[in-house]
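Take a look at the structure set out below.
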Amino acid sequence: MFKPNTAAPMKATALWVALLITSTGACNGRAPDPATTPTVAANAAPAEHSCFWDGPWVREDPARSYAYPDTGAAYWAARLRLPDGATLQLQGDYPQARYASLVLYDADGAPTDALHDALIQPDAGSRNPFIDGAERAARPRRWTVQVRAEAVPARRAANTLYAGPEQRDIALLYRVYVPDQGRGRTGGVDLPQAQLRLADGRLLAADDSCVRAEVNREAMPNTVAPRPAYLLARERPLKAGALPDAFPATQPLQWHAFYDARVVAACAYLGECGGQPERKGGVYSNPDNAYLWAMTSRRLGPVLVLQGTMPRVPATRSGRARFQAGDLRYWSLCNYEAYTQRASACVYDEQVPLDAKRRYTVVVSRAADRPRNARAECGVAWVDWGEAGDGAGHDDDGMLFLRNMLPSPGFAQAVQNTRTPGDEAAVLGDYLPGAVYTDTAGFEQRGCSKPSR
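Mapped onto mature numbering (1 follows the signal peptide of the UniProt record, and there is no 0), the consecutive letters of the sequence shown carry residue numbers -26 to -1, 1 to 427.
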């Protein structure tokens, strides 16, 4: 590993990285107009807003497009304060979608407790459509979850999230991935309704609960580092083997498992990619996902070609009648602006053409560089590199994330099974995307092959 000539530059760089990774910043400056739950006609689309939930966080809303969102998902956030002795009751319907979850976070954006769809038991008389073999359109499909300001007990209560002892300030995210076609972002159901149950046993109405819980209608604290700190780290290429013109990208491309935000920053900007880090998450990460990340640069080639084997997933988007488990619940590949954490584009499993051996080809390029055969009809998925680079003036930069969600016990090649930095290729095998830089004309020479799927 490259060592600076004196200790001082390394200490300074460590400070830059510390600033880069420990600041969650202020709120992003724009709060939405206060919203109330509207009266909706019986066949109208479910509302995407309420007095409790802020959102949806989607790419189309730049004020909420941070923390590396997946464009295959929609996110709703809630920040509130539990009165002494109170619990929060959430009640909703399972969406018609690939996945849904509720996750609690600490002040640094790291997950502390979570429940995903299959772990949430249905109310009496209802059915859970996320169990393997279940009827996905089953009715009724009601559930109820409690949030308590308590430590996680040795034996958890069903349908209960634990915020921690005396933890009255609550930060919560509700996610819905890949809603069925025509079902809207919420998966064809209303957002979960939130009510406070006070210490004396009274259950407040939803609107009264929002007032009593002091629901914060501003967006969640953003996770973007101060720009000067980021630029200081980004513009001092100290990594071993770094390419000065393409920093922080490497040639060949290197995939790294995501352990936490500090590990990412130290690896990307200092080349300190070893050790035995703990997988803590962060940046509002989903504990049901495990991630690989890689830094890229158009200076190594305007067209990046990724090829690998696609795990089997439940194909739900077209409204499959029964839920069928796969190797993973969900797979996606996204390109981000490393500084702003905004998504330029993503593709998820059902959007990626496959050949007869479940091999895929994904091209990442700007729209102007997109090869004519980088389209589904030719067996190729395309991801827009975007024009903004890292979002901080380095227009050729890119940052890829590969997601694996909820692997089955028998699928050993999942990102979740990585244990130490550097074991990614050994664990994933053919499921790790290989990467080659080329140009538009070079990729077009491969021609057009009709996919098997």
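Using N, Cα and C, we set each Cβ at its ideal position, and we do this for glycine too.
Assign residue i to one of two classes, buried (16 or more other C-beta atoms within 10 Å of its C-beta) or exposed (fewer than that).
| i | result |
| --- | --- |
| Thr160 | buried |
| Ser306 | buried |
| Gly99 | exposed |
| Gln390 | buried |
| Ala348 | buried |
| Val185 | exposed |
| Glu311 | buried |
| Gln70 | buried |
| Pro288 | buried |
| Leu177 | exposed |
| Cys422 | exposed |
| Asp58 | exposed |
| Ala242 | buried |
| Ala128 | exposed |
Cutting at 7 Å between CB atoms, please list the residues of its own chain near residue i, excluding the five before and the five after it.
| i | result |
| --- | --- |
| Arg296 | Gly107, Ala108, Glu109 and Arg110 |
| Tyr136 | Asp87, Arg122, Glu124, Ala125 and Val126 |
| Arg142 | Arg55, Leu56 and Ala123 |
| Gln225 | Leu217 and Leu274 |
| Gly255 | Ala84, Pro85, Asp234 and Pro261 |
| Arg291 | Val152, Asp154, Gln155 and Glu324 |
| Tyr405 | Gly282, Thr283, Pro285 and Gln387 |
Residue i to residue j, Cα distance in whole Å?
| i | j | result |
| --- | --- | --- |
| Asn2 | Ser271 | Confidence at Asn2 is low in this model, with a pLDDT of 35, below 50, so its placement is unreliable and the value that follows should be read with caution. Distance between the alpha carbons of Asn2 and Ser271 is about 28 Å. |
| Val121 | Leu170 | 10 Å |
| Arg427 | Asp329 | 7 Å |
| Thr61 | Val189 | 14 Å |
| Pro381 | Met284 | 13 Å |
| Arg38 | Ala350 | 30 Å |
| Gln250 | Tyr42 | 24 Å |
| His23 | Ser183 | 16 Å |
| Val279 | Val410 | 5 Å |
| Val354 | Glu398 | 24 Å |
| Tyr21 | Leu165 | Before going further, note that residue 21 is Ala rather than Tyr in the sequence given. When rounded, the distance between both Cα atoms is 7 Å. |
| Cys320 | Tyr73 | 17 Å |
| residue 446 | Arg201 | Beyond the ends of the chain as shown, which are -26 and 427, falls residue 446; an answer cannot be given. |
| Val336 | Trp356 | 6 Å |
| Ala220 | Asp371 | 8 Å |
| Ala223 | Asn196 | 25 Å |
| Leu206 | Val238 | 16 Å |
| Gln63 | Phe26 | 12 Å |
| Ala179 | Arg344 | 53 Å |
| Gly293 | Ala268 | 34 Å |
| Ala112 | Thr45 | 27 Å |
| Leu172 | Thr394 | 45 Å |
| Arg316 | His230 | 20 Å |
| Gly396 | Glu361 | 31 Å |
Would you identify the three-state DSSP class for residue i, choosing helix, strand or coil?
| i | result |
| --- | --- |
| residue 445 | Nothing can be reported for residue 445: it is not among the residues displayed for the chain, which extend from -26 to 427. |
| Arg38 | helix |
| Cys352 | helix |
| residue 449 | Since the displayed the chain opens at -26 and closes at 427, residue 449 lies outside it and no answer follows. |
| Arg272 | helix |
| Pro153 | strand |
| Val163 | coil |
| Gln390 | helix |
| Phe417 | helix |
| Leu402 | helix |
| Leu280 | strand |
| Val337 | strand |
| Leu147 | strand |
| Ala16 | Residue confidence for Ala16 is low, a pLDDT of 40 falling below 50, so the modelled location carries little weight and cannot support an answer. |
| Ser306 | strand |
| Tyr49 | strand |
| Leu78 | strand |
Using a Cβ-Cβ cut-off of 6 Å (strictly less than) and excluding sequence neighbours within five positions of residue i, which residues of its own chain qualify?
| i | result |
| --- | --- |
| Arg340 | Trp359 |
| Gln65 | Thr118 and Gln167 |
| Asn263 | Arg377 and Met379 |
| His90 | Ser75 and Asp262 |
| Leu402 | Gln387 |
| Val326 | Tyr334 and Ala355 |
| residue 437 | Past the edges of the chain, shown from -26 to 427, lies residue 437, and the structure says nothing about it. |
| Asp364 | Glu311, Ala312, Tyr313 and Asp371 |
| Pro407 | Leu280 and Gly282 |
| Phe385 | Asp301 |
| Ala145 | Arg53 and Tyr79 |
My understanding is that residue i touches residue j, with C-beta atoms under 8 Å, so please give their C-beta distance in whole angstroms.
| i | j | result |
| --- | --- | --- |
| Tyr265 | Phe375 | 5 Å |
| Pro276 | Thr414 | 7 Å |
| Tyr233 | Glu252 | 7 Å |
| Gly158 | Ala19 | 5 Å |
| Tyr68 | Leu147 | About 17 Å separates the two Cβ atoms, so there is no contact after all. |
| Tyr322 | Val150 | That pair is no contact at about 13 Å. |
| Arg116 | Pro96 | 7 Å |
| Tyr258 | Ala366 | Contact doesn't hold; Cβ gap of about 20 Å is too wide. |
Nearer than 8 Å: is that true of the beta carbon of residue i relative to any heavy atom of the ligand NAD?
| i | result |
| --- | --- |
| Tyr42 | Of the ligands one can find in the structure shown there are none, so the ligand NAD has no counterpart to examine. |
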